[in-house]
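To keep things clear, I will list the structure first and then write my remarks on it.
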Amino acid sequence: MNVYEIRGAFGLDNLVRAERPDPVPGPFQVRVRVKATSLNSRDLMMVEGRYNPRQKLPLVPNSDGAGVVDAVGPGVTRVKPGDRVMTLFAQGWQGGEPTKAGITTTLGGPLDGALADTMLLHEDGVVLTPSYLSDEEAATLPCAAVTAWSALVTQGGLKPGDTVLVQGTGGVSIFALQIARLCGAHVIVTSSRDDKLERALKLGAQEGINYVTTPDWEKAARTLTGGVGVDHVVEVGGSGTFEKSLKAVRVGGTVSVIGVLSGGAGSVSLVPILMQNLRVQGVFVGHRQSFEALTRAFALHDVHPVVDRVFPFAEARAAFEHMKQGAHFGKIVIQVS
1 MNVYEIRGAF GLDNLVRAER PDPVPGPFQV RVRVKATSLN SRDLMMVEGR YNPRQKLPLV
61 PNSDGAGVVD AVGPGVTRVK PGDRVMTLFA QGWQGGEPTK AGITTTLGGP LDGALADTML
121 LHEDGVVLTP SYLSDEEAAT LPCAAVTAWS ALVTQGGLKP GDTVLVQGTG GVSIFALQIA
181 RLCGAHVIVT SSRDDKLERA LKLGAQEGIN YVTTPDWEKA ARTLTGGVGV DHVVEVGGSG
241 TFEKSLKAVR VGGTVSVIGV LSGGAGSVSL VPILMQNLRV QGVFVGHRQS FEALTRAFAL
301 HDVHPVVDRV FPFAEARAAF EHMKQGAHFG KIVIQVS
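In UniProt numbering, the protein residues as written are 1 to 337.
Here you go:
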């Protein structure tokens, strides 16, 4: 089997192509021939050593993959050879409240991930791919789409007519836009570029705010809601945007903390959270039940992921460089085989 490994030390220069023995499925295991894998910010941070500097190497990165089951071990009942499947981000989290044991079974660190042409997984660690999606589209769902679904639906209780503010136009944010519109919500999008805002409006967002030309975007968001504030903020910026998110949300509203693109360390006053009865929730992707609910909803409404660009397997490092530039809209995909 062909893989990419982070070998010796962290950094894109140490992401190298390698060969490993082809795995044989044991009891309750399935072998998946990977067709496509997508990139998340987490994957880039993992390669660069910023996500978990203590991660043992070598490591095959990337949590998200889609492919075809080509062999199963004894006792497997969930899938059969020939089934198209996607990876489950946290292999041991099937449903309910997260546990330490469950959330430490994540692909792309600490477990080997999907930047390979073959994976060996437990049968509980794969989810059937909706028939209407291509492998490239399906490979975008396991982390970003499930995270957005968990934030707004599983944990967020989103209702028709609510107003959602999404930050930026990366994978989670675009999925949040699509899910919010699917649920009948009003969407405000922020971005540093007007052309990206125009694309977001075409996807169904009602308003866009350029945070470069309008640095006080939280005030603009409140103005757009008649001074009330938004019901829900999908917070992907981290410490650099969190305080503004608290000011953009209405009394009793929700801020879903998902990303740390501008950094994870910082200080913030707790007074607004207390005095405005705000709900701040951390979102660690989601469990199998959320993933399956997401796929049912997407299939019912024929929702297609937004793919920014597809790279061949031989150009995997170029895909990471593309993500590092931050110019993408939606998801970056690597076609494996």
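Glycine residues also receive a C-beta, built at the ideal position from the N, C-alpha and C atoms.
What's the call for residue 282, buried or exposed, on a 16-neighbour Cβ count within 10 Å?
exposed
Check: For the beta strand (DSSP E) that contains residue 216, what are its first and last residues?
Finding: Segment: none, residue 216 is in no beta strand (DSSP E) and carries neither H nor E.
- prompt: Once you ignore the five residues that flank residue 290 on each side, which residues in its own chain have a CB closer than 7 Å to its CB?
  reply: 146, 149, 150 and 154
Quick check on the DSSP output: what are the complete beta strand (DSSP E) runs of length 3 or more inside the stretch 153 to 178, in order along the chain?
163 to 167
Checklist entry - In its own chain, which residues sit with a C-beta less than 6 Å from the C-beta of residue 8, not counting the 5 before and 5 after it? => result 14
Residue 287 in three-state terms, based on DSSP = coil
* Note down, in chain order, each residue of its chain lying with its Cβ closer than 6 Å to the Cβ of residue 140, except the 5 sequence neighbours on either side. => 38, 305 and 331
- Message: Does residue 255 pass the burial test, meaning 16 or more other C-beta atoms within 10 Å, or should it be called exposed?
- Response: buried
- Query: Should residue 296 go down as buried or exposed, given a rule of 16 or more other Cβ atoms within 10 Å for buried?
  - Reply: exposed
Apply the 10 Å Cβ neighbour rule to residue 131 and answer buried if 16 or more other Cβ atoms are within range, or exposed otherwise. exposed
Problem - Beta-carbon contacts of residue 312 that lie in its chain and below 7 Å, excluding the five residues immediately before and after - result: 335
query = Given residue 230, which residues of its chain have a CB within under 7 Å of its CB, disregarding the five upstream and five downstream residues?
reply = 163, 164, 165, 188, 221, 248, 249, 250 and 253
Just to confirm the assignment: which complete alpha helix (DSSP H) runs, minimum length 4, are found wholly within the stretch 230 to 268? 242 to 248
Tell me which same chain residues have a C-beta within less than 8 Å of the C-beta of residue 29, skipping the five on either side of it? 72, 73, 76, 120, 121, 122 and 123
For residue 272, the three-state DSSP class (helix, strand or coil): helix
Problem - Nearest neighbour of residue 89, chosen from 41, 183, 329 and 125 [CA to CA] - result: 125
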